[in-house]
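Q: Protein chains in written order, with numbering that gives the first Met the number 0: chain A, 0 to 208; chain B, 0 to 208.
Think of the CB as a built atom: it goes at the ideal place given N, C-alpha and C, for glycine as much as any other residue.
Note that the structure is predicted; figures quoted are calculated from it, not measured.
Number of protein chains: 2
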Amino acid sequence: MEIVFALYDDMTALDLVGPYQVLAMLPDARVSLAATTPGRKRTDSGMAIEAEVALRDLTAPDIVVVPGTGRPQSPLADASLLEWLRAVHGGTTWTASVCTGSLVLGAAGLLEGRRATSHWLALEALRGFGAEPVGDRVVFDGRIVTAAGVSSGIDMALALVGRIAGAETAQVIQLVIEYDPQPPFDAGAPGKATPQVVARATQVLQAAL
Amino acid sequence: MEIVFALYDDMTALDLVGPYQVLAMLPDARVSLAATTPGRKRTDSGMAIEAEVALRDLTAPDIVVVPGTGRPQSPLADASLLEWLRAVHGGTTWTASVCTGSLVLGAAGLLEGRRATSHWLALEALRGFGAEPVGDRVVFDGRIVTAAGVSSGIDMALALVGRIAGAETAQVIQLVIEYDPQPPFDAGAPGKATPQVVARATQVLQAAL
């Protein structure tokens, strides 16, 4: 099973690494970290992760995962990335995104008429691509799977493993990564946070654009 | 506030990137990804992450975070890493680990007589370093903070931000990364998984050693 993560400068590190850590454990997974131009990709917090292969050399992935970014203008302007997504999507078993990665799927024309999610602050922007925004953490629509903001890629990947390899294998991976989350606060969604926290988070996100 | 992540070959990607994504958002954070020898570090799932600076050039970090690995023999044999940890720990505000990173803190002599946690399969190994194993997800003992397996680094980092910058700032970061976990299965701890899942997870982990 060939799994391709589409990297680019400005991606958010955890958007990539959350699902990567899970999907790399799929039985028979062959994982590629790929980009339009291979080499070091600088994430939006500064960390550099290596894209080891060119997207154009991967023509028949089974699973594609597009991470998001705090600066979506960067991947949205990458015509080669969008063209590659359009080209390979027809043959994938699953095409997936995390966070604003769904805007990239949208810009590639893959979300027309589909239900999809994204980071809470980007959810409405999905309409611009003909998608129907859904405020769930993970949204399946046909072969397309979209996840909400940043950390949601872990939940998405485990759900995907459940569909591909069965619930028990997903549980094995969950236990290996000891994914028994116990957040010390309960402010992970706009409806759970105080107005002041929502305002500050919005400010942080808009300042990063 | 100077935050140093201690990288090494064979580290687990999510052990590093979970707390990195959170702590990099601390107000006034200066984050360094450092290693005994700078350069690309290959994680235990294959992904390469760049260590941009040498540990020896960072002599006064405020926070140190040591990620874990499925192959702890690698960092445990890195005498320079252990020596650096011993040298800087006296001056840190917080010295932290994720997963088997606590074994590395232990090998550096920092856990003598202290309560600490680790990946569930490595918990008992803490006794070899004079520590008292505690099966909690995040354990604070003085200036030392240890987290359980892999994904627990996110919870640990949010708890740390709460202590450093207050609950509201931690909640802002939680909302920015939309950390509202909804695992599709409930098998993230040995006590929650079936015996068959525990057996398979143990096999996966032991095969990686």
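Check this for me: beta carbons of residue 182 of chain A and residue 181 of chain B, under 8 angstroms apart or not?
A: no
Q: Between the segment 52–60 of chain B and the segment 57–72 of chain A, do at least 3 Cβ pairs fall closer than 8 angstroms?
A: no
Q: Under 8 angstroms between the Cβ atoms of residue 109 of chain B and residue 94 of chain B?
A: If you check the CB distance, residue 109 of chain B and residue 94 of chain B come in under 8 angstroms.
Q: Counting beta carbon pairs with one atom in the segment 96–107 of chain A and one in the segment 142–156 of chain A, are three or more of them shorter than 8 angstroms?
A: yes
Q: From A/34, A/133, A/208, A/85, pick the residue whose C-alpha is nearest to that of residue 6 of chain A; which is it?
A: A/34
Q: Kindly list, in the order they appear in chain E, the residues whose Cβ is closer than 7 angstroms to that of residue 46 of chain A.
A: Looking at the structure shown, chain E is missing, and the protein chains on hand are A and B.
Q: At 7 angstroms on the CB atoms, spell out the chain A contacts of residue 178 of chain B, in chain order.
A: Listed by position along chain A, the residues whose Cβ is nearer than 7 angstroms to that of residue 178 of chain B are 150, 182, 187.
Q: Since residue 48 of chain B and residue 28 of chain B are thought to touch, with beta carbons under 8 angstroms apart, how far apart are those beta carbons, to the nearest angstrom?
A: Not quite, the Cβ-Cβ distance comes to about 18 angstroms (not below 8 angstroms), so this is no contact.
Q: Between residue 96 of chain B and residue 207 of chain B, what straight-line distance do the alpha-carbon atoms span, to the nearest angstrom?
A: If I take the Cα positions, the gap works out to 20 angstroms.
Q: Which runs of the beta strand (DSSP E) fall wholly inside the segment 57–89 of chain A and span at least 3 residues, in chain order?
A: 62–65
Q: At the 8 angstroms Cβ level, is residue 167 of chain B part of the contact set with chain A, yes or no?
A: yes
Q: CA-CA distance, residue 30 of chain A and residue 16 of chain A?
A: So the alpha carbons of these two residues sit roughly 12 angstroms apart.
Q: Taking buried to mean at least 16 other C-beta atoms within 10 Å of its own C-beta, is residue 177 of chain A buried or exposed?
A: Counting Cβ neighbours within 10 Å, residue 177 of chain A comes out buried, since at least 16 surround it.
Q: Can you tell me whether residue 195 of chain A is buried or exposed? The criterion is at least 16 other CB atoms within 10 Å of its CB, across all chains shown.
A: exposed
Q: Considering Cα atoms alone, identify which of B/0, B/205, B/26 is closest to residue 118 of chain B.
A: B/205
Q: When we look at the beta-carbon of residue 36 of chain B and count the other beta-carbons within 10 Å, is it buried (16 or more) or exposed?
A: exposed
Q: Mind listing, in chain order, the continuous alpha helix (DSSP H) runs of no fewer than 4 residues lying wholly within the segment 17–55 of chain B?
A: none
Q: By a C-beta neighbour count over all protein chains shown, 10 Å radius and 16 as the cutoff for buried, is residue 116 of chain A buried or exposed?
A: Its Cβ being crowded by 16 or more others within 10 Å, residue 116 of chain A is buried.
Q: Can you tell me which of the three DSSP states residue 225 of chain A falls into?
A: Outside the shown range of chain A, which is 0 to 208, sits residue 225 of chain A, and nothing can be said about it.
Q: Verify the CB distance criterion: does residue 154 of chain A have a CB-CB separation below 8 angstroms to chain B?
A: yes
Q: Of all Cβ atoms in chain B, is any one closer than 8 angstroms to the Cβ of residue 59 of chain A?
A: no
Q: Mapping DSSP to helix, strand and coil, what is residue 224 of chain B?
A: Because residue 224 of chain B is not part of the residues shown, which for chain B are 0 to 208, the question remains open.
Q: Between residue 160 of chain B and residue 13 of chain B, how many whole angstroms is the CB-CB distance? I'm expecting something under 8 angstroms.
A: Incorrect: roughly 18 angstroms between the Cβ atoms, too far for contact.
Q: Residue 98 of chain A: beta carbon under 7 angstroms from a heavy atom of the ligand FAD?
A: Ligands displayed in this structure: none; no statement on the ligand FAD is therefore possible.
Q: Let me confirm a value: residue 199 of chain B is counted as buried when at least 16 other C-beta atoms fall within 10 Å, else exposed. Which label applies?
A: buried
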